[in-house]
Amino acid sequence: MYILGISCYYHDASAALLKDGVIVAAAEEERFTRKKHDISFPTNAINYCLKEVGISADKLDYVTFYEKPFLKFERILYQHITMFPRSFWSFYKTVPSWVNERLRIRRMLKKTLKYDGKVFFVEHHQAHAASSYLISPFDKAALLTVDGVGEWATTTFGYAKGTDLKIMKEINFPHSLGLLYSAVTAYLGFKVNNSEYKVMGLSPYGNRTKSNPYYAKMRKLIDIKPDGSYALDMSYFVYHYKMSMPSSKFVKVFGPTRKWSDPLTKRHKDISAALQMVTEEAIFAMLNSLYKETKCTNLCIAGGCALNSVANGKLLRNTPFKKIYIQPSAGDGGTSMGAALYTYNVILGKKKRYVLTDAFFGPQFTDRQIKKFLDRNKIKYTQFKSDKELVKTVASLIKTENVIGWFQGRMEWGPRALGARSILSDPTNPKMQDILNLKVKHREKFRPFAPVICADDAKTYFECDEPVPVPTDFMLMVYPIKKFARSKVPSITHVDGSGRLQTIRRKDNQLYYDLIKEFGKISKIPILINTSFNIRGEPIVCTPFHAYRCMMGTGIDYLVMNRFFIGRADNPQHMWDSESHAKD
Amino acid sequence: MNFVQGVKDGFKEFGERVTSVVNFVLLLIVYVIGVGITTILAKITKQKLLDFSFKDGRDSYWVDHKEEVDYTKQF
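Order-wise, the sequence lines are chains A and B.
According to the working numbering, the first sequence is numbered sequentially starting from 8.
According to the working numbering, the second sequence is numbered sequentially starting from 1159.
Structure representation (structure tokens):
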């Protein structure tokens, strides 16, 4: 039985395919169209999923959409009715796409896929909850979903046992923790639905105590009840009727809005710190209340706010929960998978559940395909004879200040590079943050790079929960780096001594694991910098062409694709300057 | 050739601008008549379509989730 899950038209369009309840392929549309956070109907991602198992769309048993479009449209109309006439511009900008595309899912499926079979529509937050719980290792769990907004709900909690999944309570639009975070992201001059993680990364530079002058002001925007429910003071926001987010009252209280080119001052840092503190307070209150209701020590969370790895790293220490699960694509991109799983396990009532242990569901390329690409484009390369030779050579190149493009196996599912499409370098080199920024990433100085470490070494270098939670494998937890190690890995140590680590287990990615261990033998520190393999402003690379183009347009020194080894300096004919075209 | 292409591009741009203006006018009419009249009706009947309540004395902002069991429906 084949079930295709689809999410699109809001942000991060994606497709996921289940075969008899097992995830066989999943990918975000952006990786194919090269348009970051592409929201369009995921034709390319669907075609990839179908190609992966060698079927056409007429062989699909069910297609499931990740939300109920008419219910969402009802909410949008209610916004316009309530805010008339101030909502005209937003009405003019958004309603045509609703009429032409968003309310015509069946027609779109027929037109693009020639699919005329059964279509299900699962609620947005049900898809989120399913995307986490149904692939978790738990047989029962408390559920929390927090994001911007679905149809009406912005936050939900529930409980699941076996394949029975129930949403119990919800908080509805316009009150939204996700939209509060996005509004402050916009106010601080960053891009909404893209740069919330930058605000999270900026927060440790601010005052993280209640004496922060903006904490009290931020706390006035949100009323958090003892049962974890919350409401926003909507006089500080305009997102319910405008294309922008904070109101003039917000600006009056917090000071002038920052433009993206303005320098980051102490005020901006304190505001981001206050936001992070309030967000954590709200999440911990919800979780403590959720535990009281469910008395279950397993927790599954999902939604855009579940990507807040700083809060995630503190969850088990601040709530009664003992175990946590978050899937690699916890935001809206992951709802296609959730919708498909919900169909299989809940709607169709199948009892067999799939447990997700790694994130490698995207396209992969054979040696033959890579060789063909290299030869056709007259690219100079060599080939390693064995994995052992590859690991030894690459580890020593990393130790000698080289930046490596690492392209191996199936592409990752979700926003993080996890060792299939990664840029790797040496965290022990104090200059490496500057080198990486100068050569490749060109990102804000305040953002450190992320470390990757073998799971069995994690407790030696990080103050992480025990046992190391599975979401750490997906780079979703920030933990303090042990004091003795901070000076040894300066490029991955944040200003507060924390690191957003990825742990790797050998069974999930043998080559990657062996490389880290080999680097450990040379440097005495078994940690690498792992950052996403992309040009600034572009999605993570997907194909050998994207990877080669990225290396030649940036300062990556070497590219390792399967066992093929390509040096940038050996191919000067293809060099170009990606930075002159980059958009953040 | 360049002249012909230029004329074609000019007509295309003109067409797009006309479409944009027509869309704007149509949507304005729909907005004023459709949304506007519904707004008046909602105000007369005191319908509260969005809940802006903040610190209104209630103990909890949670609302019960209404389970939708017909998954073939888009609403």
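We treat Cβ as the ideally placed atom computed from N, Cα and C, and that holds for glycine.
* In terms of alpha-carbon separation, which member of A/582, A/520, A/456 lies closest to residue 465 of chain A? -> It is A/520.
* Output the distance between the C-alpha atoms of residue 475 of chain A and residue 108 of chain A, rounded to the nearest integer angstrom. => About 44 Å.
* Can you list, in chain order, the residues of its chain whose CB lies under 6 Å from that of residue 438 of chain A, leaving out five sequence neighbours each side? -> The answer is none, since no qualifying residue turns up.
* Asked: Once you ignore the five residues that flank residue 152 of chain A on each side, which residues in its own chain have a CB closer than 6 Å to its CB?
  -> Answer for residue 152 of chain A: 132, 135, 136, 163, 309, 310, listed in chain order.
* Is the distance from the Cβ of residue 1189 of chain B to the Cβ of residue 77 of chain A below 8 Å? -> Not a contact, by the Cβ cut-off of 8 Å.
* Asked: Using the beta-carbon of each residue, which ones in chain C are nearer than 9 Å to residue 1183 of chain B?
  -> Checking the listed chains, one finds no chain C in this structure; the protein chains it contains are A and B.
* Asked: Can we say the region 387-394 of chain A touches the region 323-338 of chain A, given the rule of at least three CB pairs closer than 8 Å?
  -> Inter-segment contact for the region 387-394 of chain A and the region 323-338 of chain A is absent: fewer than three beta-carbon pairs are separated by less than 8 Å.
* Measure how close the beta-carbons of residue 562 of chain A and residue 447 of chain A come, nearest whole angstrom, since I'm counting them as under 8 Å. => Between residue 447 of chain A and residue 562 of chain A the Cβ distance is about 6 Å, and since that is below 8 Å, they are a contact.
* Alpha-carbon to alpha-carbon, residue 49 of chain A and residue 458 of chain A -> Distance from the CA atom of residue 458 of chain A to the CA atom of residue 49 of chain A, rounded to whole angstroms, is 32 Å.
* Quick one: residues in its chain with C-beta nearer than 7 Å to the C-beta of residue 119 of chain A, no 5 flanking neighbours on either side, listed in chain order? => Leaving aside the five residues that flank residue 119 of chain A on each side, the residues in its chain whose CB is nearer than 7 Å to its CB run, in chain order, 48, 50.
* Secondary structure, alpha helix (DSSP H): runs of 4+ residues fully inside the region 423-473 of chain A -> You should have 439-443, 465-468.
* To do: With 8 Å as the threshold, decide whether the Cβ of residue 1213 of chain B is near any Cβ in chain A.
  => Judged by the 8 Å Cβ criterion, residue 1213 of chain B is in contact with chain A.
* Taking the DSSP output, what are the residues bridged to residue 367 of chain A? -> Looking at the DSSP assignment, residue 367 of chain A forms a beta bridge with A/419.
* Assign residue 1221 of chain B to one of three DSSP states: helix, strand, or coil. => Strand at residue 1221 of chain B.
* **Partner residues on chain B for residue 594 of chain A, Cβ-Cβ distance less than 8 Å** => Residue numbering for chain A in the displayed model covers 8 to 591; residue 594 of chain A lies beyond these limits and cannot be assessed.
* chain A contact for residue 1232 of chain B (CB, 8 Å cutoff) -> Contact with chain A is found for residue 1232 of chain B, since one of that chain's Cβ atoms lies less than 8 Å from the residue's Cβ.
* Based on the DSSP output, what are the partners of residue 71 of chain A in its beta bridges? -> Looking at the DSSP output, residue 71 of chain A sits in a beta bridge with A/12, A/127.
* Asked: What does a CB cutoff of less than 6 Å around residue 527 of chain A pick up in its chain, not counting 5 residues either side in sequence?
  -> Only 533 meet the Cβ criterion.
* To do: Evaluate residue 1109 of chain B with the Cβ neighbour count: other Cβ atoms within 10 Å of its Cβ, from every protein chain shown; 16 or more gives buried, anything less gives exposed.
  => Beyond the ends of chain B as shown, which are 1159 and 1233, falls residue 1109 of chain B; an answer cannot be given.
* Simplified DSSP assignment, three categories, for residue 337 of chain A -> Secondary structure at residue 337 of chain A: coil, using DSSP grouped into helix, strand and coil.
* Minimum Cβ-Cβ distance from residue 330 of chain A to chain B less than 8 Å -> Taking Cβ atoms only, chain B never reaches closer than 8 Å to residue 330 of chain A, which makes this a no.
* Asked: If you compare alpha carbons, which of A/427, A/434, A/550 is closest to residue 410 of chain A?
  -> Comparing Cα-Cα distances from residue 410 of chain A to each of A/427, A/434, A/550, the minimum goes to A/434.
* Cβ-heavy atom distance, residue 109 of chain A to the ligand FMN, below 7 Å -> The ligand content of the structure shown is nil, which means the ligand FMN is not present either.
* **Integer Cβ distance of residue 59 of chain A from residue 32 of chain A, believed to fall under 8 Å** => Contact between residue 59 of chain A and residue 32 of chain A is confirmed by a C-beta separation of about 4 Å, below the 8 Å threshold.
* Asked: Are any of the Cβ atoms in chain A nearer than 8 Å to that of residue 1194 of chain B?
  -> Interface annotation, residue 1194 of chain B: in contact with chain A, CB-CB separation under 8 Å.
* To do: Find the residues of chain B that neighbour residue 232 of chain A, judging by a C-beta separation of less than 8 Å, and give them in chain order.
  => Close partners of residue 232 of chain A in chain B (Cβ separation under 8 Å): 1217, 1218, 1219.
* Are residue 266 of chain A and residue 196 of chain A close, meaning C-beta to C-beta below 8 Å? -> Going by C-beta atoms, residue 266 of chain A is nearer than 8 Å to residue 196 of chain A.
* To do: Report the partner residues of residue 25 of chain A according to the DSSP bridge assignment.
  => DSSP output for residue 25 of chain A lists A/10, A/30 as bridge partner(s).
* To do: For residue 540 of chain A, collect the residues of the same chain with a Cβ closer than 8 Å to its Cβ; drop the 5 residues on either side in sequence, then sort them by chain order.
  => Shown here for residue 540 of chain A: same chain residues with a beta carbon closer than 8 Å to its own, the five before and five after excluded, namely 412, 413, 414, 424, 428, 429, 430, 547, 548, 554, 557 in chain order.
* Return the residue from the list A/530, A/46, A/487 that minimises the CA-CA distance to residue 200 of chain A. => Of A/530, A/46, A/487, the residue nearest in Cα terms is A/46.
* Of the residues that make up the region 236-262 of chain A, which ones have a beta carbon closer than 8 Å to any beta carbon in chain B? -> Closer than 8 Å at the C-beta level to chain B, one finds these residues of the region 236-262 of chain A: 236, 237, 238, 239, 240, 241, 247.
* Asked: What first and last residue would you give for the alpha helix (DSSP H) that runs through residue 1190 of chain B?
  -> Taken as a continuous stretch (DSSP letters only), residue 1190 of chain B belongs to no alpha helix (DSSP H), as it is neither H nor E.
* Asked: residue 174 of chain A: buried (16+ other C-beta within 10 angstroms of its C-beta) or exposed?
  -> Counting other Cβ atoms within 10 Å of its Cβ, residue 174 of chain A reaches 16 or more and is therefore classed as buried.
* In chain A, which residues lie less than 8 Å from residue 1197 of chain B when you measure between Cβ atoms? -> At a C-beta separation below 8 Å, residue 1197 of chain B has these neighbours in chain A: 88, 89, 91.
* Asked: What beta strand (DSSP E) runs, 3 residues minimum, are completely inside the region 482-510 of chain A?
  -> You should have found no qualifying run.
* To do: Step through the CB atoms of chain B and report whether any lies within less than 8 Å of the CB of residue 5 of chain A.
  => Only positions 8 to 591 of chain A appear in this structure, which leaves residue 5 of chain A out of reach.
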